[in-house]
Structures are given as structure tokens and as C-alpha cells.
Amino acid sequence: MAADSFQTEEWSPLQARERLLLALASAFVLTNQVALILARGRSALELWPVLVWGGCAAAGHYLLNRRLPARDPLLFPLAMLLAGWGLNLIARLVPAFADRQTLWLVLGTGALLGVTALPRDLRWLRRYRYTWLIGGLALLFLTILIGQNPANTGPRLWLWLGIGRIYYQPSELLKILLVVFLASYLAEHQRYMRQDTLRLGPWQVPSPTFLGPVLLMWSICVIVLIWQRDLGTATLFFVVFLAMLYLASGQVLLLAGGVLLIVLAAALAYRLFDVVALRVDVWWNPWPTANAQAYQVVQSLIAVASGGVIGQGIGQGQPGIIPVVHSDFAFAAIAEEWGLVGILSVVAALAVLVVRGMRIAALAQHPFRMLLAAGLSVLLGVQSLMIMGGVLKLIPLTGVTLPFVSYGGSSLLTNFVIVGLLLMLSEQSASVP
Amino acid sequence: MNSVSTSPRDLARITLALLIAFGIVALAATYWSVVAAPDLRARDDNARNIIAEQRIRRGAILDRRGEPLAVSVKTANRLMIRQYPHVAAASATGYYSLTYGTAGIEAAYDAWLRGDQGRDDLQTLLDDLLHRAPQGGDVRATLDLRVQQAVANALRGRAGAAIVLDVPSGAVRALVSQPTFDPNTLDARWDSLVADQRAPLLNRVTAGLYQPGSAFQTVLLAALFAAQPSLSDRGAGTLAQPVADLSAPVRVDDLTLGCLRQPPADALTLADAYAFGCPAPFLALAESLLSAEAVRQRMEALGLLDVPTLAGFPTAPAPVSLPAVTVSPAAQTALLTGQGALTITPLHLAQIVAAIAHGGNSVPLRLVDAVRPPDSRQWQPLPDTGQTREQAMLRAEVAAALEEALAYAARVNPDTAAAAPPGTDVFGHSALAFAGPQETPYAWFYGYVRKEGTDNTRAIVVVVVLENERNPARAAQVARAAFEAALQNGDPPSGPA
Chain X
1 MAADSFQTEE
11 WSPLQARERL
21 LLALASAFVL
31 TNQVALILAR
41 GRSALELWPV
51 LVWGGCAAAG
61 HYLLNRRLPA
71 RDPLLFPLAM
81 LLAGWGLNLI
91 ARLVPAFADR
101 QTLWLVLGTG
111 ALLGVTALPR
121 DLRWLRRYRY
131 TWLIGGLALL
141 FLTILIGQNP
151 ANTGPRLWLW
161 LGIGRIYYQP
171 SELLKILLVV
181 FLASYLAEHQ
191 RYMRQDTLRL
201 GPWQVPSPTF
211 LGPVLLMWSI
221 CVIVLIWQRD
231 LGTATLFFVV
241 FLAMLYLASG
251 QVLLLAGGVL
261 LIVLAAALAY
271 RLFDVVALRV
281 DVWWNPWPTA
291 NAQAYQVVQS
301 LIAVASGGVI
311 GQGIGQGQPG
321 IIPVVHSDFA
331 FAAIAEEWGL
341 VGILSVVAAL
351 AVLVVRGMRI
361 AALAQHPFRM
371 LLAAGLSVLL
381 GVQSLMIMGG
391 VLKLIPLTGV
401 TLPFVSYGGS
411 SLLTNFVIVG
421 LLLMLSEQSA
431 SVP
Chain W
1001 MNSVSTSPRD
1011 LARITLALLI
1021 AFGIVALAAT
1031 YWSVVAAPDL
1041 RARDDNARNI
1051 IAEQRIRRGA
1061 ILDRRGEPLA
1071 VSVKTANRLM
1081 IRQYPHVAAA
1091 SATGYYSLTY
1101 GTAGIEAAYD
1111 AWLRGDQGRD
1121 DLQTLLDDLL
1131 HRAPQGGDVR
1141 ATLDLRVQQA
1151 VANALRGRAG
1161 AAIVLDVPSG
1171 AVRALVSQPT
1181 FDPNTLDARW
1191 DSLVADQRAP
1201 LLNRVTAGLY
1211 QPGSAFQTVL
1221 LAALFAAQPS
1231 LSDRGAGTLA
1241 QPVADLSAPV
1251 RVDDLTLGCL
1261 RQPPADALTL
1271 ADAYAFGCPA
1281 PFLALAESLL
1291 SAEAVRQRME
1301 ALGLLDVPTL
1311 AGFPTAPAPV
1321 SLPAVTVSPA
1331 AQTALLTGQG
1341 ALTITPLHLA
1351 QIVAAIAHGG
1361 NSVPLRLVDA
1371 VRPPDSRQWQ
1381 PLPDTGQTRE
1391 QAMLRAEVAA
1401 ALEEALAYAA
1411 RVNPDTAAAA
1421 PPGTDVFGHS
1431 ALAFAGPQET
1441 PYAWFYGYVR
1451 KEGTDNTRAI
1461 VVVVVLENER
1471 NPARAAQVAR
1481 AAFEAALQNG
1491 DPPSGPA
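These protein sequences, in sequence, are chains X and W. Note that the first sequence covers residues 1 to 433 in the numbering used here. Note that the second sequence covers residues 1001 to 1497 in the numbering used here.
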């Protein structure tokens, strides 16, 4: 069967499974919203974000059936479940933002479907890697010059590019473009990386010519770090890059060297930037400054503790005590109102999403597709781990969002595009025998 | 198409690393929400505890007629605030503050008022699960708001204390301590209340430690009566015995003690000495007839060496326990004149007077007599605290003899007689004490009136102490206002529903 042939079978087992999962997700998201309205005595009109969400799920499922009939059946339902849960959470925490988040959900679903409407061989991504990368970087530097923060405060001044009333963070797009670029670059040079090696004692090391891209990436990350004072995004970029480099080269030594560079950069950042030093200190011992610098972190841990095993129930806890809970501490808010059961579900959903992505990589027939699927999955996974680990005081807190769940349109849109690309890749892996 | 040269092993390794990281996150989540949760939830900076406290629909405190003394009112943001409609009752109701805790009835019945007590476990669990605001039960005080207000008004802002009791029920009808505080504005004014030299937060009735002064003559009189083999004459023999040097001054350190007022020329007996509060005859009799041990035993029997109890109400720490026999003559003189190491609260005296009025049997005092579970209309009477059988504080004959002495005192001393409402007979005694290096005078009145048309066991007992007051008649006037209010507002027309 040709890859592009139209799928006529309406009820393939994969599609039926996706439909079932979407129905379960709908039941969960709808129940949450109804419970919220009852618990807080809100108007029944507040059901509408969930109805729009249901429309997105149904339209997505229907259109994906036509475009990608043999796609992975777990990716879309998991993404929709988390996004719907996030919508419940925004409606509960900051009702004023629920409309905007719903709009972003529609845009995100549209972007996902838009990506899947593009040629399925993804040559358009692979061939023009420098165009994409330079375009992304140009956008980034443009916002450094003329960007603004919609709140007019905070350190993210340069990250926002205002178009009308909608704001977009180009660094979110840059995440995808970097993965695309690296997948393309490494896929092309992979053979040489594996053959052109030097002996260094007992280890095989790739030739120094391949250190070029490593150092290039590292310097991009350092620039991001300096401009944004954000250890999080920089670390995220670099970890994803290292994972992809390792997958391409198979060299553990590169991984070790990369980790060394991260530690070095972190130590340097700790010395140079007060913001970074503060975050690390607060992580190491938040208790003495629980009323000052560590207030947010300590309050978020108290929120997690207040949730206990089964949680307080939506609308019945006090997560609003944590400052800016809806973006950085969505995970803690879920912990308080859905309990340990809730956060373990989120962890499981994200872990399954990542594993499915890695499975797509494993089944891929081309190094570019393998590296792209693996890179995007690692990107999702590491970002999730960083924010969850930060909230749970495993690592210093970083300002990255919890994928699909946190408030923020740019992040939601980006994650939907990632899922769209993974769905495309899964179709290819599935349809080739 | 290029063949894939990446080994699946590398992909599996990365996947495994990510899964291990997810597993660690899951373990950390379990740690914070289960293992470390109790400590975190109990932290002072967990605002949820305060919010939970503010959601409690705390029970009301009512006076004996059902007049609200403390109620919880729901504010616009679904939280409760505590209101006290009658500031005059603050000494009894106490206060309830999120920041500064509780006092008075609010403290004594806190568990009941906040609903920790009186609800079954299943209901509590269900309320927790459904986030229903906990509801506490109501508490009915024995206090009579009208008497309370009358006494507070009679004190006219003077520093002092007064307690009004019903005998034999032991019900406290009024408990006034001044200066006092407004429990409605406690949080805002806390710092100035604590810093105030006049100690408005001190409950002078239950915890104010005063010199007994010439009130100690009642203790000595009880000891003298108790030493008699027979008192069939209601102590007349002892009271009528003539005394020499009735108004001779007594020196205690640099203090010179005399009679409260000059006795008339024909006053010659011990009864006169008692009525006019003259210290010299008591000192002479005590030193010749009573051993130091006998005095100590009498003090113990009258409860002066114990902390008086008022049904869970916080009371003063135990007064100084005195050495059995060996005290210096100077210290013994100071003790016998009520100017020594012994200090007492008005509650101590109230217990003694109540026992005299009750034929020598001690009267357990209570400030709360019934509780009502949430959503119930039925009051549950509280059992008497501990003592179901009345214990004798005094022999019946000693009590009768003391009553004679009190009746005589109230008859002959116009300062004491000032306590008598028109047409009633008062059994009372006035006393003066001096405290501190400034020798600040305190005026005492303590006594009772029989309720009309009843047998000789029912009475209204009043104890008043006025600080910085040299004229005992002022204390008696406050007592008169208390007697009048209590007699007018006897039993309510019918028992509350």
C-alpha cells in the first residue's frame, strides 16, 4: 500500500482505540469542569471551554483519521487529556485567562492538523535546515531588539513578540527548529562520526571536526543563558542536544564531556548571576528563607502536602496561596486538588508520551526521522522532568512550563506542533512493513 | 534510503534514563504528599490552617436567658468572624483570636465550641471529605447578663473585681474584672493591651492575687469557733466575750493597722471587733488560743492553699504554701493580719462565703451549665464537675456561728450595711488590705442575702474588691447593686428551650 493512499477503513483498531481514549479523556475533563462549577458556585456558562476542547478533540480525531490513518493511537489522546486538564486548572485558578487559553487550544489543534497536512516525507524540514535555524535565530534576535513582555514586568522581556493582542515566545519555536536542525545535520554526518574516530586511551572519540557543532550549540545556549538569565531553557537545549549527539555517534564520552560542560556553565552562572545563585540556594535549603526568597517553593511543597493521596478536589484546595501558581506551579496545584493520584497520573501520561515517541524513533527507517522523533520526545520528557523535579525540590526550580498543562499559549502551541510531527513520523513507521 | 546505523541499544538507554527520572519524580511526589506531609501541613506559614480555622462555624455562648454573649457571623468571603455583642461580659466569655488564642469560656469550652467534641467520627470524616465547614456546639453560661451589666456599671470604671453566685447551685451570675478589654477589637489592640500597666487582660476574679487584709479575720473567727467543743449557742459565747484594747493599733513592718472605722463607745465584744475590722483583739486571741498549725489547718480547710476551680476556667496558680509551724513572730503577725505571704483571689473568698451560706457545705462553682450540639434545639445539662456529693468545708455549727457574726457586722457597721437592698438582711463583712511598697489600699466586701421566702440554704453571694480604695462602703455599694440585680432577676420565668 502506498503511503499516501487514502484510508478507507473507517474503524481500524488503532482509530477505535484512539476514540475510546479520547472518550475517557472527555469524561475526565468534563467531570472536572462540572465539579468545579458546582464546588465554586460558578455559572454553567463556564462549561464552554470544555465544549470547545471537546470540539477540538472530535475534529482532530476525524481529520487525523483522514490524513494519518495508521498513526500512533496514544499520542493525540494523551496530549488532549493533559491540555484539557490544563484548561480545567486555568479555569479554576485564573478564570480570567480561561478564554485566552481556550483560544490557544484551538490554535494549537489547528497547528497540529496543519503540520499533518504538509507532505509526509518531511523533506521540507530536512532540506532547509539552515533556513529554519537561521529564521528561528533571526526571530529570536529580533525580539531581543523590539520584543515586549505583555505584563510589562519580569525577566522575559525579550522573549515576547507581540502581534496584535497575541503574544508568542520565539524561544518556544526555536526548541523545535533546533531539534529539526540537529536531526538533519547529525543524520547527514552520522556515518562519518561513527567512522572518523580517534583513539584516546581506551576510548574511541570522534574527530575534532565534529566538536564544531558541539561548541556552536553550547555557545547558543550560553547566549540564551546570558540574555535570559534562565538556566532552565539553556539546560533544556543542551541536554536535548547531548542526547541527540549520543544517539547519532554512540559515543558515551561525548555525553560525559557534555555533562561536564553543563556543570561548568552552571557553576559559572552561579558565580555570575544573582538570579541563578538565588534559585540554587533556595533549592538547596529553602527552609530558612521560607518567608522571603523561598516563599514560592515552600508554599508549593505545602500545597503538595495538603493534597495528600486523593487531593482536596477541584476548587476545594487553596493553591492560590502560591504566587503565579498557574504557570510555574501548575504541578503543585494539581497535587493539592487531585492529590498524589493526580500527579502520578500526570507523570504517567507524560512518561507514556515520551516512551511512545521513543518507540516511533526505534521504528523509524531513516536516521533523520529517528533522530527527529527521539529529539522531540527527549525535549518533551526533559522539559517535563525539569519542572516537576523543580516543584518537588529534586533540582533547582527553572521557569520552564509543564507541557500542555501550564498556562501559556506559546508553550501549548509548540507542544501540539511536536505531537503533530510525532504523529507524522508514527504514520511512516507504522505503514512501512 | 540510508540504513539506520544507530543501535537500538542507544535509544533504549536514553529511554531507560528518562523512565528512571520519571520514577524518581514519582517517588519524590510520594515523599512530599505522604511521608513529609504531616510536618509540612502543620507549619505556621501554612495559610490553609488559618483559612480552615476561619471556616469553622463556632458555636455561640449564651447567657442563662439565651442572650448571645459571643456569636460567629459569616462574612462576604465565606469566612467566619467572632462577635461579642456585650463587652461587659468579656471577663467571663474571654476572647477568641486567630493570632492570640483563647481565654475565658472561649478557652474552657473551646473543643465544644469548635466542634471537636460532640460530633461522631463518621460525621467528622464525611465533613472533611466533602469540605463542609465544621460546626461547633453552643454553650449556655450560668451568667445573667443583666446582673453582669449592673455590676459592671456599679464599678464605674474602677479597677477591681466582683463575683455574684447563686447558692446552692454554684452558678456564677456575674463575673466582672476591671479594667477590661473589648474582645471585638482584641487583635488590633493586642500590643497596647499587653503593654498596659493596669493589666486589662488579667481576670482579677479568678487570677488576681490580693492580700486578704482584715478579711483574714473570718478565717481566724472560723478557727476560734472550730476550737470550741460546743457551739449550740450559735457562737454567741465566743462573740460576746469582751475584748480589751479594741481599737489598739497593730504594727506590721512599717504599716500601722487599726479599725476600719472608729467603733462606737459601747462596742466591747469580739463581735464588734469583727464588725469594725479591728485587728488587735484577733491578734491577741489567735496568739493565745491558736497554734500556728491550727491556723494553717483552717486555711487549708477553707481552700486558701489550693487553686479554686471554676469548671475549666483558668485560675490563679496555687498561693504560697506556708511552712507548717516554724515561722518568725513578725511573719506570723503579718499572716494573722492578712498582710503576710498569703494572697488570695476573690474566687477563694466566694467559695468560703458560699459554704457559710450553705450550712458549711462547699459549693462547686460553675460558669456553664448546658451545651447544645450543632443543629439541635435540645440543651444537654452538664454534669456537676467532679463532686457529686457535697463536701463539708465547715462544720454546720461553725457556719451558723459565722453567719451570726456576719449578720451582726452588717447590722452595726454602716459601711457594711450599705450593701443591703431595702427590706433585706445582709450577712456581710467589710475589710481593708494594703499591698506593695506604696501600701495601696484595697477595699473588700463579701457576704450574702437570703432569697426571700425560702429556707436557709438559698442565697445570693457577692464578693467585691476595689483597688486603690480606702472606704469599705464603696465596695459595699457595688455589692448592693449586685444583690438588687440578682434578686430582681431571680429565676427566669421558664427554663430555656
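Ideal Cβ positions, reconstructed from N, Cα and C, are used throughout, including at glycine. All figures in this text were calculated on a predicted structure; none of them were measured in a lab.
Hey, does residue i have any beta-carbon neighbour from chain W nearer than 8 angstroms?
{"i": "M80(X)", "result": "no"}
{"i": "A243(X)", "result": "yes"}
{"i": "I302(X)", "result": "yes"}
{"i": "A330(X)", "result": "no"}
{"i": "L178(X)", "result": "no"}
{"i": "M424(X)", "result": "no"}
{"i": "I418(X)", "result": "no"}
{"i": "I37(X)", "result": "no"}
{"i": "L405(X)", "result": "Sequence check: residue 405(X) is Val here, not Leu. No, no contact with chain W."}
{"i": "V378(X)", "result": "yes"}
{"i": "G375(X)", "result": "no"}
{"i": "G212(X)", "result": "no"}
{"i": "V263(X)", "result": "no"}
{"i": "A351(X)", "result": "yes"}
{"i": "P399(X)", "result": "One point to set straight first is that residue 399(X) is Gly, not Pro, in the sequence displayed. Not one chain W Cβ lies under 8 angstroms of G399(X)."}
Just the chain W side, please: which residues come within less than 9 angstroms of residue i by C-beta, in chain order?
{"i": "S306(X)", "result": "S1033, A1037, L1040, R1041, N1046, R1048"}
{"i": "Y246(X)", "result": "D1010, R1013, I1014"}
{"i": "N291(X)", "result": "D1045"}
{"i": "G339(X)", "result": "S1033"}
{"i": "A335(X)", "result": "A1029, W1032, S1033"}
{"i": "G84(X)", "result": "What G84(X) touches in chain W: nothing, since even the nearest Cβ is about 21 angstroms away."}
{"i": "G258(X)", "result": "None at all; the shortest Cβ gap to chain W is about 13 angstroms."}
Find the residues of chain X that neighbour residue i, judging by a C-beta separation of less than 8 angstroms, and give them in chain order.
{"i": "V1025(W)", "result": "V347, L385, M388, G389, L392, L394"}
{"i": "P1008(W)", "result": "A362"}
Looking at the unbroken beta strand (DSSP E) that takes in residue i, where does it start and where does it end?
{"i": "I1163(W)", "result": "1160-1167"}
{"i": "F1427(W)", "result": "1426-1435"}
{"i": "I1460(W)", "result": "1459-1467"}
CA-CA distance, residue i and residue j?
{"i": "L353(X)", "j": "R71(X)", "result": "14 angstroms"}
{"i": "L1336(W)", "j": "G1157(W)", "result": "32 angstroms"}
{"i": "L423(X)", "j": "L260(X)", "result": "35 angstroms"}
{"i": "T131(X)", "j": "G408(X)", "result": "27 angstroms"}
{"i": "T1388(W)", "j": "P1364(W)", "result": "No answer about T1388(W) holds up, because its pLDDT of 49 lies below 50 and its placement is not dependable."}
{"i": "Q15(X)", "j": "M80(X)", "result": "15 angstroms"}
{"i": "W1379(W)", "j": "R1065(W)", "result": "13 angstroms"}
{"i": "A1479(W)", "j": "R1411(W)", "result": "16 angstroms"}
{"i": "V52(X)", "j": "S26(X)", "result": "11 angstroms"}
{"i": "I1014(W)", "j": "L380(X)", "result": "13 angstroms"}
{"i": "I387(X)", "j": "G317(X)", "result": "21 angstroms"}
{"i": "P1374(W)", "j": "R1082(W)", "result": "17 angstroms"}
{"i": "F241(X)", "j": "R279(X)", "result": "24 angstroms"}
{"i": "V1164(W)", "j": "L1246(W)", "result": "33 angstroms"}
{"i": "V1073(W)", "j": "R1173(W)", "result": "26 angstroms"}
{"i": "P1507(W)", "j": "L1202(W)", "result": "Residue 1507(W) is absent from the structure shown; chain W starts at 1001 and stops at 1497."}
{"i": "L142(X)", "j": "L174(X)", "result": "13 angstroms"}
{"i": "I360(X)", "j": "H366(X)", "result": "11 angstroms"}
So that I know if they touch, is there some Cβ in chain X lying closer than 8 angstroms to that of residue i?
{"i": "H1131(W)", "result": "yes"}
{"i": "T1030(W)", "result": "yes"}
{"i": "G1386(W)", "result": "Reliability fails at G1386(W), whose pLDDT of 49 lies under 50, so the model's placement of it is uncertain and the value that follows must be treated cautiously. No, its Cβ sits nowhere closer than 8 angstroms to a Cβ of chain X."}
Can you pull the chain X neighbours of residue i, defined as C-beta to C-beta under 9 angstroms?
{"i": "I1051(W)", "result": "Q318, I321"}
With respect to the alpha helix (DSSP H) encompassing residue i, which residues constitute its N-terminal and C-terminal limits?
{"i": "P1281(W)", "result": "1279-1289"}
{"i": "Q1178(W)", "result": "That residue, Q1178(W), is in no alpha helix (DSSP H); its beta strand (DSSP E) goes 1172-1178."}
Using a Cβ cut-off of 7 angstroms, pull out every chain W residue sitting near residue i, in sequence order please.
{"i": "I314(X)", "result": "Neighbours of I314(X) on chain W: none; closest Cβ ~11 angstroms, over 7 angstroms."}
{"i": "I434(X)", "result": "Nothing in the structure corresponds to residue 434(X), since chain X is present only between 1 and 433."}
{"i": "V354(X)", "result": "L1018"}
Can you pull the chain W residues whose beta carbon is under 8 angstroms from the beta carbon of residue i, in chain order?
{"i": "V309(X)", "result": "S1033, V1034"}
(message) Beta carbons nearer than 9 angstroms to chain X: which residues of the segment 1010-1022 of chain W have them?
(response) Of all residues in the segment 1010-1022 of chain W, D1010, L1011, A1012, R1013, I1014, T1015, A1017, L1018, L1019, A1021, F1022 have a Cβ within less than 9 angstroms of some Cβ in chain X.
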